[in-house]
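Student:
In full-length UniProt numbering, the protein residues as written are 1 to 369.
(1) Just tell me which of 121, 284, 254, 59 has its CA closest to the CA of residue 93.
(2) Excluding sequence positions up to five away, which residues of its chain have a Cβ less than 7 Å from the Cβ of residue 156?
(3) Per the contact definition of three or more C-beta pairs closer than 8 Å, is the stretch 100-107 in contact with the stretch 77-89?
(4) Let me know the secondary structure DSSP gives residue 124 once reduced to three states.
(5) What's the C-alpha gap between residue 272 and residue 264?
(6) So, are the CB atoms of residue 21 and residue 53 less than 7 Å apart?
(7) Can the beta-carbon of residue 379 be found less than 7 Å from the beta-carbon of residue 132?
(8) Counting along the chain, where does the beta strand (DSSP E) carrying residue 45 start and finish?
(9) Between the alpha carbons of residue 208 and residue 282, how many angstroms are there, rounded?
(10) Leaving out five residues before and five after residue 320 in sequence, what residues of the same chain have Cβ atoms less than 6 Å from its Cβ?
(11) Here's a check: name, in chain order, each residue in its chain whose Cβ is nearer than 8 Å to the Cβ of residue 152, leaving out the five neighbours to either side.
(12) Let's test the definition: count the other Cβ atoms within 10 Å of the Cβ of residue 243 and tell me whether it reaches 16, buried, or not, exposed.
(13) Any idea what DSSP makes of residue 74, helix, strand or coil?
(14) Please name the residue, chosen from 27, 101, 143, 250, that lies closest to residue 162 on a Cα-to-Cα basis.
(15) Whole angstroms are fine: how far does the CA of residue 187 sit from the CA of residue 181?
(16) To the nearest whole angstrom, what separates the beta carbons of residue 202 and residue 119, a pair I think is in contact under 8 Å?
(17) Label residue 370 either buried or exposed according to how many other C-beta atoms from any shown protein chain fall within 10 Å of its C-beta, with 16 as the threshold for buried.
(18) To which residues does DSSP link residue 154 through a beta bridge?
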């Protein structure tokens, strides 16, 4: 990494890049377009890619853009490598296939300067379908089932555990980042960090859509393992934090989003088994869904699979055509349909095994769970 010059930056963008050559220029350009110039961008070439390094060097005339190269250490390892050399008062993680709007730095710094007791601030984001720069009418917070907050709202750990996880690109005071351990491998890193911050520090949410979150157009039917891996990681993250906190109330709060996720997981498995012709497995997964959430939908699927499986087989192609028609109409009227919480995708700074965001999940982080 080249030596930094000039005054100390107020905010450091931490970007881990791996196999995102098609998007990295857009990410860097969005940072260069900031209306507030008091930032630095640390890009970690997380895999020793000559192509990634060459793209970053295209911007070498701006001393605020820095390149750090290392062997692939996973998504969290890339982010933490950037944090280790960052000099800003605040850290902001920015994936190498996402972007920030020009007012990002100015908006978060204005809020944090006006609220010196706040340690971290989250925001909303535009959801952008890969290959189409038009944002969806639904924002990130809406896609996870959360209404955008009024201007400046404190976030409790109970709200975050219940599913109101901020968009991963926020701004966190450097000392608070270090106090909670930054990004931890083996979990949905941004989710766990926000949970720890909300528990130990003051975190606020802004209603402003300050990010552009790219959702890859990869269907769940082509990548079932990726969806399953994300769900296991997301559930593990929530349950790990609940156990870490040691509070019985936190364990109880976690059960609602976990059961909701497992409900959709079981329904999806039932659909996959049914399409593969395994009616017995479809019945079993449908019963699992009903145990998680006793909805009319799950009860109806169980009933049809037990009493009239052949009728369901004949109905399935018609249902698929109707659903496809409704989806196309929705795209024309509302813009592309936003995925439900949590959105799923491969993390840009890793070997592809991680996901989210909004999720995470990421985030956390769009394939329907």
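Where a beta carbon is used, it is the ideal one built from N, C-alpha and C, also for glycine.
Tutor: Taking the structure as given:
(1) When C-alpha distances from residue 93 are compared across 121, 284, 254, 59, the shortest belongs to 121.
(2) Correct list, in chain order: 198.
(3) Pairwise C-beta distances place the stretch 77-89 out of contact with the stretch 100-107, as fewer than three of them are shorter than 8 Å.
(4) Strand at residue 124.
(5) One C-alpha to the other measures close to 12 Å.
(6) Cβ distance not < 7 Å, so residue 21 and residue 53 don't count as in contact.
(7) With the chain covering 1 to 369 only, the question about residue 379 has no answer from this structure.
(8) Per DSSP, the continuous beta strand (DSSP E) segment holding residue 45 begins and ends at 39-46.
(9) If I take the Cα positions, the gap works out to 43 Å.
(10) Confidence at residue 320 is low in this model, with a pLDDT of 48, below 50, so its placement is unreliable and the value that follows should be read with caution. Answer for residue 320: no residue qualifies.
(11) If we look at residue 152 and ignore the five residues flanking it on each side, its Cβ neighbours are 111, 115, 204, 205, 206.
(12) Classification for residue 243: exposed.
(13) Helix, per DSSP.
(14) Taking residue 162 as reference, the option from 27, 101, 143, 250 with the minimal CA-CA separation is 250.
(15) Pairing residue 181 with residue 187, the inter-Cα distance amounts to about 13 Å.
(16) Sure, about 5 Å apart at Cβ, within 8 Å.
(17) Examination of residue 370 is not possible in this model, given that the chain is present from 1 through 369 alone.
(18) According to DSSP, residue 154 bridges with 204.
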